[in-house]
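One structure below.
See below:
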């Protein structure tokens, strides 16, 4: 069983997603900035049924956590460790922070907790993620946390009549431990 202290930071903690979180998550997916940074699919709001399916996900290879404020217990974002290949000890990691909570260091704190969980509790060896070239603040954050830019999917998507690259970042267990 996971210890609560393992998932608790200074201002936030990681928790299970609950049905009552669906409304907040649905609102984030109406936010163009949130949606355009989270996914390459069309920037359209998610229907509440889609959000509820996401919350009800019961999988041994995909874990999605609520990021909650420590004092109010309000959901402020989501972080996922998914696509886990247990035999290879690799997975993807993703994060999304709701509107007014961005640019306050909470995403960094949440990712630190998720990295600790992935490498020290799940015993993963490699985590990877993708980010679009226009999301420079996320690229800086990932690099601060030790992620290495490993490759570029050139002209991967088109937004506002302009082509954008999708960048691949990776972090190995020994790099995490060293950092």
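Residue numbers (the numbering used here): 85 to 263.
Cβ coordinates follow ideal geometry from the N, Cα and C atoms, glycine included.
For residue i, which of helix, strand or coil comes out of DSSP?
{"i": "residue 221", "result": "helix"}
{"i": "residue 149", "result": "strand"}
{"i": "residue 244", "result": "coil"}
{"i": "residue 85", "result": "Confidence at residue 85 is low in this model, with a pLDDT of 46, below 50, so its placement is unreliable and the value that follows should be read with caution. Coil at residue 85, not helix or strand."}
{"i": "residue 234", "result": "strand"}
{"i": "residue 255", "result": "strand"}
{"i": "residue 91", "result": "helix"}
Give the straight-line distance between the Cα atoms of residue i and residue j, rounded to the nearest whole angstrom.
{"i": "residue 95", "j": "residue 243", "result": "34 Å"}
{"i": "residue 249", "j": "residue 170", "result": "29 Å"}
{"i": "residue 102", "j": "residue 206", "result": "22 Å"}
{"i": "residue 85", "j": "residue 91", "result": "Annotation note: pLDDT 46 at residue 85 (below 50); position unreliable, coordinate value reported separately. Computed Cα separation, rounded: 12 Å."}
{"i": "residue 93", "j": "residue 197", "result": "7 Å"}
Let me know if residue i comes out buried or exposed under the rule of 16 or more other beta-carbons within 10 Å of its beta-carbon.
{"i": "residue 261", "result": "exposed"}
{"i": "residue 255", "result": "buried"}
{"i": "residue 152", "result": "buried"}
{"i": "residue 100", "result": "exposed"}
{"i": "residue 180", "result": "buried"}
{"i": "residue 195", "result": "buried"}
{"i": "residue 98", "result": "buried"}
{"i": "residue 251", "result": "buried"}
Open item on the list: To test your reading of the DSSP string, which unbroken beta strand (DSSP E) runs of 3 or more residues are found completely within the segment 170-219?
Closed with: Given a length threshold of 3 residues, each whole run of the beta strand (DSSP E) inside the segment 170-219 is given here in chain order: 174-181 and 210-216.
TODO: Count the C-beta pairs between the segment 185-202 and the segment 232-243 that are closer than 8 Å, then say yes if the count reaches three, no if not.
DONE: Counting Cβ pairs under 8 Å, fewer than three are found: no touch.
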